[in-house]
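Read the structure below first, then the notes.
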Amino acid sequence: MEILTNLLQGFSFVLGWQPLLFIVLGVIMGILAGAMPGLSPSMGVALLVPFTYAMSPTLALILLISIYISANYGGSITAVTINAPGTPSAVVTSFDGYELTKQNKPGMGLGVSLISSTVGGFIGTIILILFSVQLAKIAVKFHPAEYFALAVFGLTTVATLGGRNWLKAFIAAIFGLLINTIGIDPISGVSRFTFGSVNLYDGFSLIPALIGLFALSEVFKQIEEQNFKSKKIDLGKTRWPSFLEYWKLKFTILRSSILGTIIGIFPGAGATIAAFISYDVSKRTSKEPEKFGKGSLEGVASAEAANSSSV
569 MEILTNLLQG FSFVLGWQPL LFIVLGVIMG ILAGAMPGLS PSMGVALLVP
619 FTYAMSPTLA LILLISIYIS ANYGGSITAV TINAPGTPSA VVTSFDGYEL
669 TKQNKPGMGL GVSLISSTVG GFIGTIILIL FSVQLAKIAV KFHPAEYFAL
719 AVFGLTTVAT LGGRNWLKAF IAAIFGLLIN TIGIDPISGV SRFTFGSVNL
769 YDGFSLIPAL IGLFALSEVF KQIEEQNFKS KKIDLGKTRW PSFLEYWKLK
819 FTILRSSILG TIIGIFPGAG ATIAAFISYD VSKRTSKEPE KFGKGSLEGV
869 ASAEAANSSS V
């Protein structure tokens, strides 16, 4: 009963014109921050924290939460359109979203990512409100052994994403681990693979690595293929998903939202891990797994629902 009372009080405040205005501003700024490769949701929040010093704590919290949540969706825009994920969690969205764009169906990818992200965020919020105490009890019981098991599970998930090319996917995962060893060891304090460069002491940041792996690789690919012709796409004529196509994704979105919420409660496991695991689960349970990686709407929906619900 106390939860219901607090909810009603919260809604009565949020529905005022000032909170609604800050929600709209936060969503716009968050989408812009997420769509810019190089800016993450946390960086977008950090940049705008100084503007909240003169605001009331409640309005400041509303603005910052709106920025963070919408930035997770904003990353999918560039992931779908130009294969340059704006956020780490949008990497999974690019697997199928960009394939849809190459098939002259950007509206399908953008539409599914928007609805899936919205529904996923809503479901994640509802679960948080109703079961936050129970979920917190589970989270505090996670110890090093459980984290190790979660890490192993994540690596095996990456390997299975390769399908028949599981060996290539596993080698890519090992390569990622090797890159992550560069820098100062957090336990011993010994520098590893820095070659005397002070700039490598902190290792490689995730955002620059993503830009290099996706955006620059796409540039090199086009240079190699001598494919410099750009296509002008009229979004007014582009086909957007119908209600029936959204309805077919209902179980995928629901499952991915619940899975993303569960993964999101664990410290250290965030939207990116949730998106990868959810994508793998959807691929395993799909009736058409061969379409994943070739423009599957299920792939886009599972990634976006999971990364938004994990917040």
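Position in the sequence shown (from 1) plus 568 gives the number in the numbering used here.
By construction, the Cβ of each residue, glycine as well, lies at the ideal position given by its N, Cα and C atoms.
What you are looking at is a predicted structure, and each value in this text was computed from that prediction instead of being measured.
Item, Value
"Could you check the C-alpha separation between A707 and A842 for me, to the nearest Å?", "15 Å"
"For G863, does the three-state DSSP call read helix, strand or coil?", "coil"
"Along the chain, where does the alpha helix (DSSP H) containing V708 start, and where does it finish?", "674-708"
"Under 8 Å, with one C-beta from each stretch per pair, do the segment 661-669 and the segment 694-701 reach the 3-pair mark?", "no"
"Locate the alpha helix (DSSP H) running through F819, then write down its first and last residues.", "818-832"
"Of the choices E872, I750, G594, whose alpha-carbon is the least far from that of L768?", "I750"
"Going by DSSP, what residue range makes up the alpha helix (DSSP H) through N767?", "That residue, N767, is in no alpha helix (DSSP H); it is neither H nor E in DSSP."
"Leaving out the 5 sequence neighbours to the left and right, which residues in its chain are closer than 8 Å to G722 when beta-carbon positions are compared?", "I841, F844, I845"
"So, using beta-carbon positions, are G642 and A704 closer together than 9 Å?", "no"
"Assuming I630 contacts F590 under a Cβ cut-off of 8 Å, what Cβ separation, rounded to an integer in Å, is found between them?", "5 Å"
"Would you say I831 and S878 are within 9 Å of each other, going by their C-beta atoms?", "yes"
"Could you check what DSSP says for S662 in three-state terms: helix, strand or coil?", "helix"
"Taking the alpha-carbon positions, what's the G688 to S634 distance?", "15 Å"
"CB V701 to CB T669, shorter than 9 Å?", "no"
"Whose C-alpha, out of G764, G692, L865, is nearest the C-alpha of P809?", "L865"
"What first and last residue would you give for the alpha helix (DSSP H) that runs through F619?", "Careful: F619 lies outside any alpha helix (DSSP H) and carries neither H nor E."
"According to the Cβ coordinates, are E872 and V617 closer than 9 Å?", "no"
"In the DSSP output, what is I752 paired with across the bridge?", "S759"
"Excluding five sequence neighbours on each side, which residues of the same chain lie with their C-beta closer than 6 Å to the C-beta of S824?", "S846, S870, A873, A874"
"Is K818 buried or exposed, if buried means 16 or more other CB atoms sit within 10 Å of its CB?", "exposed"
"Is the beta carbon of I826 closer than 9 Å to that of I691?", "yes"
"Can you give me the start and stop residues for the alpha helix (DSSP H) that L600 sits inside?", "585-603"
"Within 10 angstroms of its Cβ, does L735 collect 16 or more other Cβ (buried), or is it exposed?", "exposed"
"Excluding the 5 residues preceding and the 5 following S876 in the sequence, name in chain order all residues of the same chain whose CB lies nearer than 6 Å to its CB.", "N640, S685, G688, G689"
"Assign R807 to one of three DSSP states: helix, strand, or coil.", "coil"
"Work out the CA separation of G757 and A793 for me, nearest whole Å.", "In the sequence as presented, Ala is not what sits at residue 793; that position holds Glu. Approximately 45 Å between the Cα atoms of the pair."
"Relative to the alpha-carbon of L627, which residue among Q671, M611, I755, P587 has its alpha-carbon at the smallest distance?", "P587"
"Ignore the nearest five residues each way along the sequence and tell me which others in V660's own chain have a CB closer than 7 Å to its CB.", "A843, F844, Y847, A871"
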